[in-house]
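Each remark here refers to the structure printed beneath this line.
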Amino acid sequence: METILYLAHTESDGSLGKAALESLTAAKALAEQTGGTLVAGLVGEDVQAAANTIAGAGASKVLSVSGADFAQARYATDAAAAEALCKAAGATLVVAAGDSRWNRVLPGVGHRLGGRADLHITQVNGAGDISVTRWFYRQRMEGSFTRTQRPWLLGIDPGTQTPWQGDAGDTVVEAVTVETGDARTTVTGVKAPNTDEQTIRPDANVLFVAGAGWTKKQADGQTHVADAEKNILGFLQAAQASLGSSKSLVDLSSEGGEVLSFMTHLNQVGQTGATPRHPKGLSTCCHGEEPHVVGWRFINERRAVNLDANCGWAQGKADVLYVADAFEVMEKVNALLAE
Amino acid sequence: MSNGYHIVVCAGIVPDPLQTLEPVQTPQGWGLKNEMMLPAVLDPWASHALYEAANLAKNAPGSKVTLVSVAPKAKLQQVMMTLAQKVPFELVAADAPAGGFTDANDVAAVLAEAIQAIPDLDMANLLLFGGWESASRGAGATMQILGEMLGITEQFQGVDEITVTAEGKLQILERIEGGRHQVSECAGAPVVLGWATGNLPEPKNNPQVGMQNMRTVMPSLQKARPAALSGEDLNYAGIEVPKATRETRIEKNMSADEIAQEIVAWIKG
Ligand SMILES: Cc1cc2nc3c(=O)[nH]c(=O)nc-3n(C[C@H](O)[C@H](O)[C@H](O)COP(=O)(O)OP(=O)(O)OC[C@H]3O[C@@H](n4cnc5c(N)ncnc54)[C@H](O)[C@@H]3O)c2cc1C
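So the sequences go chain by chain: A and B.
Heads up, this note's numbering is the position in the first sequence plus 15, with the first residue counted as 1.
Heads up, this note's numbering is the position in the second sequence plus 46, with the first residue counted as 1.
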């Protein structure tokens, strides 16, 4: 019989994040489909509040590794904690959020335990041979597969499951002790991109993508970078949209070109950029080449504004292509949104 | 090499991103249609790792860069023709499949063996670089497993920056959620760094660097030992390319006002 360890870390306020609750949905489904036992393993400075919020999830027990050492997201302590929890639970399957903290350690922990780890899982299926699904070749093709080796650790891609909801209650937490030794790494802080504006909003309804066209010479033979900045920031503000970029636009800064001050590599979408998940995406001044558009895999509805009727978006990559000047269109969009 | 770092960069090769990829079943398992015919490039995020490694080595006297690649020898040779002109490195190669359906555990084992066989490997000053995810397998797992195999427990993923402080500590910026970076300070080598994009542009081709690199690249390619990737515990049920094309409505004659109204209605809808 499978023992499924639901592995989660607390956020800095002691709660469980959305990605953690999503992976609980996947862990519970696996437990139900396999007829296995669900055990929860929580890591953080103080996990009692988190344990109480998942009282109704049906875990047979809740284990924890806690203390000041485990407040920080760092490999040495997180890997030690996860390893100890997997062993204490006798886990054959481990389900965790595929966030930056768990993705950093799960493969290494899998190796320590003589098992395997797979990240970026989008679906789990516990009926029959347990199988999982993820994307290959930067979201160009999707594969499902099984493994014989155990324990099998799964990092569930955030945004792929419905967050678990259920009753809170008093929960007994069993502490698992971990020897950490002297930490060689200290997390000293978090740095937001070089801007006062937060432009990346993972939970936004709309992704607004800017391409290199915004900084190129326009019909009058001039560039209009200040206008571009005003249009883009205006839209982000009015629509509470998240900002994406093409590679060409973010590369301009490392190549010394005229740039949008708030744009960084973190905004880049595509082959060597992010693959964000949003219900809608609006592309502007971006050609829609394949290495860019693979980053739109998880954008459901797609529209584009481009001067070129033959750009990549026209080739079945967007639902609507408006052949128009994005400067003109976005100014009017912003005016309408301001009404 | 008492002062500098030994920066070992692990990088595979992947099909040029501009190519169309089609999964097919082969006698060896899943692969790509005409896989051996597709033009290849060095795996993009690992390329950033290589450029960052070269830059760090330049600024930390006594350092050197070794590029370790597990890839089909003939394809790797093609990639080396341009790559060798970018930055100085020594090549260590193992001849094995490089496709997206290989298992990260198998690849990590081949890399570990190749790295441990580097004659003057300096474990105490080792900075183990790679991409945080490949553009083929996309597992995001190889570097962590490799680090464990080599006994390195200071690991960082999605790295965009490394700075050596005045006291010789490493300050590292890793990508975390919401477009932010986590800043960590690590006492020093050995560390594993899975790179994201970093901050450097692709270096221009430099034929002189190319000539210098080729002196070690060609012998390394000749010496590249065939390595088997067993993939024995991994079974694919199927690989599918999603229906990619949409019915695009192309609006050539709408006024900016009409377009703006439609976009706003769509966003609010
Ligand atoms: C290994 C590799 C990895 C890559 N990874 C990525 C990646 O992760 N992400 C990515 O984006 N790209 C990536 N690329 C690059 C990709 O192939 C394209 O070169 C890039 O996406 C082009 O960016 P762009 O569309 O912004 O710029 P351009 O191709 O310069 O297009 C600019 C567009 O702006 C339009 N335009 C100009 N002015 C206006 C206006 N006033 N109104 C409306 N439209 C206007 C033009 O018609 C044009 O279509 C990669 C390439 C390689 C080789």
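Idealized CB from N, CA, C, for every residue including glycine.
Computed from a predicted structure; not experimentally measured.
Per-residue burial, residue i [other beta carbons within 10 Å of its own, 16 or more giving buried]
i, result
"Arg-317(A)", "buried"
"Asp-166(B)", "exposed"
"Glu-212(A)", "exposed"
"Met-16(A)", "exposed"
"Lys-232(A)", "exposed"
"Ser-301(B)", "exposed"
"Met-47(B)", "No answer about Met-47(B) holds up, because its pLDDT of 38 lies below 50 and its placement is not dependable."
"Asp-28(A)", "exposed"
"Val-348(A)", "buried"
"Leu-64(B)", "exposed"
"Pro-73(B)", "exposed"
"Asn-171(B)", "buried"
"Gln-268(B)", "exposed"
"Ala-212(B)", "exposed"
"Glu-189(A)", "exposed"
"Glu-304(A)", "buried"
"Glu-194(B)", "buried"
"Asn-118(A)", "buried"
"Gly-184(A)", "exposed"
"Thr-199(B)", "buried"
Residue i (DSSP reduced to helix, strand or coil)
i, result
"Trp-178(B)", "coil"
"Leu-68(A)", "This sequence places Thr at residue 68(A); Leu is not what is there. It is helical."
"Pro-217(A)", "coil"
"Ala-142(A)", "coil"
"Tyr-282(B)", "strand"
"Lys-356(A)", "Since the first and last residues shown for chain A are 16 and 354, residue 356(A) lies out of range."
"Ala-253(A)", "helix"
"Phe-342(A)", "helix"
"Phe-202(B)", "strand"
"His-302(A)", "coil"
"Val-187(A)", "coil"
"Ser-268(A)", "helix"
"Val-54(B)", "strand"
Cross-chain neighbours of residue i in chain D, by beta carbon under 9 Å
i, result
"Gln-283(A)", "Any reference to chain D falls outside this structure, whose protein chains are A and B."
Contact list for residue i against chain B, beta-carbon separation under 9 Å
i, result
"His-293(A)", "Residues of chain B passing the Cβ test: none, with the nearest at roughly 11 Å."
"Lys-206(A)", "Leu-219, Arg-226, His-227, Gln-228, Val-229"
"Ser-305(A)", "It should be noted that the sequence gives Glu, not Ser, for residue 305(A). Going along chain B in sequence order, the residues near Glu-305(A) (Cβ under 9 Å) are Pro-63, Leu-64, Gln-65, Thr-66."
Straight-line gap, residue i to residue j (C-alpha atoms, nearest Å)
i, j, result
"Ala-353(A)", "Lys-314(B)", "13 Å"
"Ile-215(A)", "Val-55(B)", "30 Å"
"Pro-118(B)", "Gln-237(A)", "48 Å"
"Gly-146(B)", "Glu-346(A)", "44 Å"
"Cys-101(A)", "Val-109(A)", "7 Å"
"Ala-225(A)", "Val-344(A)", "13 Å"
"Leu-20(A)", "Val-309(A)", "33 Å"
"Val-141(B)", "Gly-225(B)", "Here residue 141(B) is Asp; the residue named in the question, Val, does not match the sequence. When rounded, the distance between both Cα atoms is 38 Å."
"Ala-106(B)", "Ser-266(B)", "25 Å"
"Thr-68(A)", "Leu-36(A)", "10 Å"
"Gln-176(A)", "Ala-100(B)", "41 Å"
"Asp-323(A)", "Ala-339(A)", "8 Å"
"Lys-250(B)", "Asp-266(A)", "14 Å"
"Thr-243(B)", "Val-284(A)", "12 Å"
"Asn-220(A)", "Leu-122(B)", "43 Å"
"Thr-294(B)", "Gly-259(A)", "21 Å"
"Ser-79(A)", "Val-287(B)", "41 Å"
"Cys-326(A)", "Ala-86(A)", "48 Å"
"Gly-174(A)", "Asp-168(B)", "42 Å"
Within chain A, the residues that residue i reaches when beta carbons sit closer than 7 Å
i, result
"Cys-232(B)", "Arg-199, Thr-200"
"Ala-187(B)", "Pro-122, Ala-132, Leu-134"
Chain A contact residues for residue i, given Cβ-Cβ distances below 9 Å
i, result
"Thr-291(B)", "Gln-330, Gly-331, Lys-332"
"Ile-313(B)", "Asn-220, Val-221, Ala-254, Ala-256, Lys-295, Leu-297, Val-348, Leu-352"
Interface partners of residue i on chain A, CB under 8 Å
i, result
"Ser-182(B)", "Phe-151, Tyr-152"
"Asn-281(B)", "Phe-160, Thr-161, Arg-162, Thr-163"
"Ile-53(B)", "Neighbours of Ile-53(B) on chain A: none; closest Cβ ~19 Å, over 8 Å."
Proximal chain B residues relative to residue i, where beta-carbon distance stays under 7 Å
i, result
"Leu-31(A)", "Near Leu-31(A) there are no residues of chain B at all, since even the closest Cβ is about 14 Å away, more than 7 Å."
"Asp-114(A)", "Glu-223"
"Val-338(A)", "Ile-296, Glu-297, Lys-298"
Proximity test, residue i beta-carbon vs ligand 2 heavy atom, cut-off 6 Å
i, result
"Glu-304(A)", "What this structure holds is ligand 1, not ligand 2."
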